[in-house]
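Working notes, beginning with the structure itself.
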Ligand code: SF4
């Protein structure tokens with residue numbers, strides 16, 4: 394099946410384009426300075442598409458000022474009220490998220506579809522397990538099939554008015570249900586898919602759930618944009634999303650740092666050493682694999698696939714390149730020596 398794509402404010406989602414990272418602000422949208430400040434932090438972290446809640450007219454009107462101060466595309470998240478969708482479009486939103494079956498009737502769906510079509514704006518239909526239509530639950534229960542049927546029902550409403558500029562999501566707080574729903578949806582439509590596990594939880598458990606749910610689908614070639622939903626600073630969502638995409642080797646954002654778990658052969662405190670290397674390379678965009686290993690006996694060999702690495706000793710540690718020792722340094726200068734080695738060889 395030829396997969397469709399959409400364009401959101403110049404960013405392509407779907408059709409084989411690189412998987413897009415997105416997040417959602419947690420500020421009151423009509424607090425423009427706070428919202429813009431949060432979006433700037435997200436942009437710096439690598440967010441490529443931002444969604445903001447539009448619960449009322451004040452929020453919709455604020456989009457114009459927000460848009461004027463940010464560089465990434467902005468999607469307005471609307472529930473139930475078509476007037477908020479129209480106002481958001483008028484204020485410069487690059488796309489809207491709305492479920493057309495919930496906005497009160499065909500005339501309103503036609504209006505929103507026509508206004509978006511007139512400006513070339515896509516609509517994301519975002520189905521969540523917790524807010525399925527009663528009729529669908531009565532037939533399908535709380536199942537992956539129900540999520541998919543709901544999404545297809547909303548799609549049919551837009552298609553009725555020749556609107557096809559659509560992205561879909563079918564999120565559940567259950568990882569297996571999320572994966573099953575997206576697999577089913579992918580087999581039944583060619584629209585781009587926005588992946589996510591909803592209500593995933595706090596940073597640690599939420600990142601694990603998202604990595605499993607989103608990662609399983611991406612490994613199957615399913616999914617065009619991702620949001621890692623965390624109960625935390627949304628910047629953590631971007632970090633997790635990047636880690637997921639980099640781990641799957643779908644995108645590369647900087648060095649891949651590998652480190653051993655240590656064992657009885659390790660004579661150093663490896664944990665702060667690894668964090669120090671992570672910190673120093675935090676802003677690097679070099680596509681390198683860097684190893685931080687606990688012992689000189691096995692470290693260089695175990696990390697032979699790394700471009701550069703260090704291995705701890707007792708008083709001094711080893712520097713290695715592609716598994717071969719290229720130098721030594723005192724333990725308190727080992728990270729500096731690694732940074733010099735990388736700089737010398739990659740400038
Ligand atoms: Fe143990 Fe050395 Fe392997 Fe680390 S590199 S796990 S310290 S043997």
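In the working numbering, the protein residues as written are 394 to 740.
The beta carbon of each residue, even a glycine, is placed where N, CA and C say it ideally should be.
Near the ligand SF4, residues with a Cβ at less than 7 Å from any of the ligand's heavy atoms are 653, 654, 655, 656, 658, 659, 686, 687, 688, 690, 691, 692, 695 and 704; the list follows chain order. Here residue 437 is exposed, its C-beta having fewer than 16 other C-beta atoms within 10 Å. Here residue 540 is not near residue 513, since their CB atoms are 8 Å or more apart. Collapsing the DSSP output to three states places residue 685 in a strand. In the three-state DSSP reduction, residue 492 falls in the coil class, being neither helix nor strand.
Counting along the chain, the unbroken beta strand (DSSP E) around residue 701 starts and ends at 701 to 704. Judged by pairs of C-beta atoms under 8 Å, the stretch 419 to 432 does not touch the stretch 605 to 614, as fewer than three such pairs exist.
A straight line joining the alpha-carbon of residue 651 with that of residue 682 spans about 7 Å.
For residue 637, there is no enclosing beta strand (DSSP E); the residue is part of the alpha helix (DSSP H) that begins and ends at 627 to 640.
Where residue 450 is concerned, there is no enclosing beta strand (DSSP E), although the alpha helix (DSSP H) around it starts and stops at 450 to 461. The beta carbon of residue 697 lies closer than 6 Å to those of 716 in the same chain, with the five residues before and after it left out. By the Cβ criterion, the stretch 684 to 698 is in contact with the stretch 647 to 665, since at least three pairs of Cβ atoms, one from each stretch, lie closer than 8 Å. By the neighbour-count definition (other C-beta atoms within 10 Å, threshold 16), residue 593 is a buried residue. Annotated three-state conformation of residue 723 is strand, per DSSP.
Counting C-beta pairs closer than 8 Å gives three or more between the stretch 489 to 509 and the stretch 549 to 558, which meets the contact rule. According to the DSSP assignment, residue 709 belongs to the beta strand (DSSP E) that extends over 709 to 714. For residue 574, the enclosing alpha helix (DSSP H) covers residues 568 to 581. A direct Cα-Cα distance of roughly 59 Å separates residue 483 from residue 725. The criterion of a C-beta distance shorter than 8 Å is satisfied by residue 471 and residue 491. Your pair residue 647 and residue 674 checks out as a contact, with CB atoms roughly 7 Å apart and the cut at 8 Å. Across the structure, residue 486 and residue 528 are spaced so that their CA atoms are roughly 32 Å apart.
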